């Protein structure tokens with residue numbers, strides 16, 4: 005449980021037992037937390053050592069497809085038709101929606117599935133969807149130093165739509181990546 009979650013839970017409990025009244029204003033976690041105390045603390049000994057970084061072996065796409073998702077985070081990164089490069093908006097979404105999960109579960113393998121709309125031929129769309137997934141992975145490896153073998157690249161092409169490909173809006177929603185933690 006994070007400090008913020010504990011603080012919120014404590015606030016609710018204090019209200020339940022009557023220590024805090026409904027009208028009492030409780031400052032947010034960021035105002036109540038004393039971060040510099042944590043930053044200045046020094047812990048020594050093996051009991052305080054961090055977990056080591058797991059080493060991931062490369063696996064094939066067919067092995068990767070059979071792995072059960074432990075958790076899924078659908079990340080809607082809009083790509084223009086035929087493009088796979090991450091723009092600043094896409095990077096912002098990756099930084100704020102994908103990275104915290106990837107860091108919190110640093111010893112989990114991550115499957116990134118690229119998707120396309122149904123415009124164009126199937127083979128081109130599968131290749132494009134792989135490039136979309138790979139661009140996300142390349143960004144995470146370069147910007148955050150995450151191990152490349154941790155990631156699984158899947159290109160679905162147009163085969164996993166989340167919206168109707170008969171409309172512009174639907175096609176836009178289908179040009180996306182999906183991010184999943186998978187069993188090892």
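Residue numbers (the numbering used here): 5 to 188.
Cβ coordinates follow ideal geometry from the N, Cα and C atoms, glycine included.
For clarity, every value in this text was computed on a predicted model and none was experimentally measured.
Exercise for the section: For residue 2, name the three-state secondary structure that DSSP assigns. Expected result: Because the chain spans 5 through 188 in this model, residue 2 falls outside it and cannot be assessed.
Exercise for the section: Report yes if the CB atom of residue 130 is closer than 9 Å to the CB atom of residue 159, and no otherwise. Expected result: yes
Handout entry: Continuous beta strand (DSSP E) assignments of at least 3 residues falling wholly in the stretch 142 to 177
Key = 155 to 159
Exercise for the section: Have a look at residue 185 and residue 9 and give me their C-alpha separation to the nearest angstrom. Expected result: 22 Å
Handout entry: Where residue 99 sits in the DSSP three-state scheme
Key = helix
Practice task
Under 7 Å Cβ to Cβ from residue 150, same chain only, skipping five residues before and after it: list those, please.
Solution key: 106, 144
Exercise for the section: Tell me where the beta strand (DSSP E) around residue 67 begins and ends. Expected result: Segment 65 to 69 is the alpha helix (DSSP H) holding residue 67; no beta strand (DSSP E) there.
Exercise for the section: For the alpha helix (DSSP H) holding residue 36, just list the boundary residues, first then last. Expected result: 33 to 36
Problem - Under the three-state DSSP convention, the category residue 23 falls into - result: coil
Practice task
Would you please verify whether the beta carbon of residue 17 is less than 9 Å from any beta carbon of chain D?
Solution key: Among the protein chains of the structure shown there is no chain D, as only one such chain exists.
Problem - Three-way DSSP call (helix, strand, coil) for residue 76 in this model - result: strand
Practice task
Find the nearest neighbour of residue 164 within the set 180, 85, 72, judged by alpha-carbon distance.
Solution key: 180
Practice task
Check whether the stretch 55 to 65 touches the stretch 114 to 132, taking contact to mean three or more Cβ pairs, one atom from each stretch, closer than 8 Å.
Solution key: no
Practice task
Report the residue ranges of all beta strand (DSSP E) runs contained in full by the stretch 108 to 137; include only those spanning at least 3 residues, in chain order.
Solution key: 113 to 118
Handout entry: Helix, strand or coil at residue 59 according to DSSP, with G and I counted as helix
Key = coil
Practice task
Express the C-alpha separation of residue 16 and residue 26 in angstroms, rounding to a whole number.
Solution key: 10 Å
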